[in-house]
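Those protein sequence lines, which keep their order, are chains X and D. Remember, the numbering used here sits 199 above the position in the first sequence when you count from 1. Remember, the numbering used here sits 199 above the position in the second sequence when you count from 1. Here the structure comes first, spelled out in structure tokens, and everything after it is commentary.
There are 2 protein chains.
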Amino acid sequence: MIRGPPAAPVGPHRRTHTDRRANTARTPPDNPAATAALLVADELESVETRLGEVLSSREPRMTEIADHLISAGGKRVRPMVTLLGFRACGGSVAIDAVDVAVALELIHSASLLHDDIIDENDTRRGRASARSKYGIAHTLVAGDFLFSRAFQICGRFDAEQINWAAEACIALTEGEIMQSRFRNNPEVTLDDYLEIVYRKTASLFEQGARISAALARPQDPSWVDAIANCARHVGLTFQIVDDVLDMTADESDLGKPVGLDIREGNPSLPIVLAIAEDRELADLFAAESLSDGEVGAVLARIRRSGVIEDCQRLAIEHARAAQQALAPLPDTAYRDSLCALIEQLITRVA
Amino acid sequence: MIRGPPAAPVGPHRRTHTDRRANTARTPPDNPAATAALLVADELESVETRLGEVLSSREPRMTEIADHLISAGGKRVRPMVTLLGFRACGGSVAIDAVDVAVALELIHSASLLHDDIIDENDTRRGRASARSKYGIAHTLVAGDFLFSRAFQICGRFDAEQINWAAEACIALTEGEIMQSRFRNNPEVTLDDYLEIVYRKTASLFEQGARISAALARPQDPSWVDAIANCARHVGLTFQIVDDVLDMTADESDLGKPVGLDIREGNPSLPIVLAIAEDRELADLFAAESLSDGEVGAVLARIRRSGVIEDCQRLAIEHARAAQQALAPLPDTAYRDSLCALIEQLITRVA
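Here it is in structure tokens:
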């Protein structure tokens, strides 16, 4: 899908990019994510630098907790979508998109720290969770700190754009409460599931992309909605893939125990689809706690049921919708790279 | 100190105010807080209305938790200082100051919800704390929700003003971590104490007042700093008074158990001053947990030590500094009322 170099660079910052890309010392990309990363390599580097800067606090312990989570990596899918979307809309002053990407990653990280408290997680990204390493009190405060930093960064955007970011934050909290309403609750429907995922995951993708697209001041204003729509579907795809991996991956690949959704009574997509067809499974889902043996049995039963394939199909549908949303945008390497990145998301569960 | 009616009203909103104040059916004020409240009665009413509106969520449980805390009252000192400061600077479009006051109260409320988790409080404002009523997970999320709403409201302010609000939020989190460094730590000094209180309490007073004063577009720009400086001292006075009341008040007046700071190892002002002079008290403060008898003995020993009087003196000093900070402002009923309100703060411990 990559059809050659991006359009002519604009301004000094873009020239540097072209120089970087032309640097033959760089390893040629071997997969779409690497290609995408290379297209916005400087911006991604700026995101990491800025993240490092804004994690600094007058309290070293605060920086340590934030760094414990953020330096553990994560896939940085949100920054990548934001940065590519910004470029695909013709954005040229990359510092704007970098700030959006940083704010997004901070809000996402704050929500992970708080989620670890809510879900009592002991591990995260293959290491001890902040909660288990630093305790509830400091983990909670570090989440608030990251959120405040995001708020600070967003301050220089327009009122409308800040409202979009705030809406995503509000949706996150409402998603958390909605999810808890359906914890161990076999009444949960596919629509409930999609609403929870929209609030908890897709909304932040959507609003972040919307802000960065708006900051790009695109030639055609409808591109802002196109990018936001794309990012919303990316968020849905991303979460569905995550749900499937919780059922099918190896613990070492996952960085956390397999079958967590079953253990915690989370209405993940495979569970929602499986319990609709299987009364016994529904009863097991309603149980407040399951033995390891029961968890294993539930996992096996769900894997055999055929719903994993249904989940894969739904992930592919949302990935296609995300790609199709980009159709109105001009044909650039950025748009193609975004398409390829979306394609790669679904190869994780293909 | 009240020297007659405020200066001539400007604009339709202000006319309504004058009408309200001229309404002879109103009970005449019997204390400075009532006078202050009457001067900004419509604005305070708008604050309550706006608070009610922004607490609404797609998740009724969220609204319930937020309402549980916010409808329990609280003294609304922050809104009052913000609104009077705005008027004292000649501000006329009250909706601006109302929004600042609402955002401030939301940030303060969010921090109380999170504090109840951090300090494991069972009571707050004379009733069950949200944490003990709704559990850690939902209380945490409701705090994030209130914080997001504040973020949303602040979105329409200038970048610089949003930065001030974000700085206050960051200071809050850093104050929390700093306080925990000195929990049960007899090395704590008066300077440490003042820095903790600045971060945890005074900074939000200061930055809220700074924003509302700036929104008033005062004739003399230096009034913004004057009001901010005043509000910072109000915050310090407020916390010192709170610390003293924790040692001297009745449980029924306080709405929470007496001696909580001793029990929790919080470096409150009486404790900080007392342990500097009394090695045995310092050792008791260093103990991770004390029996009820020991708490009673420590309280009695601190009350006998004379530090309560030192605390009262310090509270009065900060109250005076707050009042003196207002000297550059024009002589209006708003300024006088703010002075009287500050005076009343210290009568609680006089």
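Where is the CB? At the ideal position from N, CA and C, for every residue including glycine.
The distance from the Cβ of leucine 303/X to that of tyrosine 533/X is about 18 Å, inconsistent with a contact at the 8 Å cut-off. One thing to note: leucine 243/D has its Cβ within 8 Å of the Cβ of arginine 275/D. Spanning the alpha carbons of alanine 293/X and aspartate 530/X requires a straight line of approximately 20 Å.
Residue contact check for asparagine 230/X against chain D: no CB pair falls below 8 Å.
By the rule that beta-carbons nearer than 8 Å mark a contact, asparagine 383/X does not touch chain D.
Contact of isoleucine 317/X with chain D is assigned, a C-beta pair being separated by under 8 Å.
At a cut-off of 8 Å between beta-carbon atoms, serine 256/D makes contact with chain X.
In the three-state scheme derived from DSSP, where H, G and I count as helix and E and B as strand, threonine 322/X is classed as strand. A direct Cα-Cα distance of roughly 16 Å separates tryptophan 422/D from valine 433/D. A straight line joining the alpha-carbon of threonine 338/X with that of leucine 371/D spans about 14 Å.
Residues of chain D whose Cβ lies closer than 8 Å to the Cβ of isoleucine 369/X are, in chain order, Ser256, Phe344, Ser347, Arg348 and Gln351. The beta carbons of serine 256/D and glutamate 373/X sit closer together than 8 Å.
Threonine 338/D does not reach chain X, its nearest Cβ partner there being about 10 Å away, counting only Cβ pairs nearer than 7 Å. Distance from the CA of alanine 520/D to the CA of valine 443/D, rounded to the nearest whole angstrom, comes to 19 Å.
Against chain X, a Cβ distance below 7 Å from glycine 354/D picks out Ala358, Ile361, Asn362 and Ala365. Listed along chain D, the residues sitting closer than 9 Å to glutamate 373/X by beta-carbon distance are Ser256, Arg257, Glu258, Met261, Val340 and Phe344. A check of alpha carbon separations from valine 299/X across Arg286/X, Ile352/X and Val253/X identifies Ile352/X as the nearest.
Taking 8 Å as the cut-off, the Cβ atoms of valine 396/X and valine 471/X do not count as close.
The three-state reading of DSSP puts alanine 448/D in coil, since its state is none of H, G, I, E or B. Sequence-ordered contacts of the segment 423-447 of chain X with chain D are nonexistent [C-beta pairs closer than 7 Å]. By alpha-carbon distance to threonine 234/D, the top candidate from Val548/D, Ala549/D, Asn465/D and Ser536/D is Ser536/D. In the three-state reduction of the DSSP assignment, alanine 415/D falls in the coil class, being assigned neither a helical nor a strand state.
Close to histidine 313/X, with beta-carbon spacing below 8 Å, are these residues of chain D in chain order: Leu339, Val340 and Asp343.
The beta-carbon distance between threonine 436/X and isoleucine 541/X, rounded to whole angstroms, is 7 Å. This is short enough to meet the 8 Å contact definition.
Taking all protein chains in view, the Cβ of leucine 250/X is crowded by 16 or more other Cβ atoms within 10 Å, so the residue is classified as buried. Looking only at Leu238/X, Gln378/X, Ile335/X and Ala514/X, the smallest Cα-Cα distance to arginine 547/X is reached by Ala514/X. Contact annotation, serine 379/D with alanine 336/X: C-beta distance approximately 7 Å; criterion of less than 8 Å satisfied. Scanning chain X for C-beta atoms nearer than 9 Å to the C-beta of serine 504/D yields nothing, as the closest lies near 30 Å away.
At least one beta carbon of chain X lies nearer than 8 Å to the beta carbon of serine 379/D.
Secondary structure of alanine 327/X (DSSP, three-state): strand.
Here aspartate 318/D is near glutamate 463/D, since their CB atoms are less than 8 Å apart. In the structure shown, threonine 531/X falls within a coil segment according to DSSP collapsed to helix, strand and coil.
A distance below 7 Å between beta-carbons, with the five flanking residues on each side excluded, links leucine 459/D to the following residues of its chain, in chain order: Asp445.
The beta-carbon distance between cysteine 510/D and isoleucine 439/D, rounded to whole angstroms, is 6 Å. This is short enough to meet the 8 Å contact definition.
Between isoleucine 369/D and serine 347/X, the C-beta gap is smaller than 8 Å, which places the two residues in contact.
Secondary structure note for phenylalanine 356/X: it is in no alpha helix (DSSP H), with a DSSP letter that is neither H nor E.
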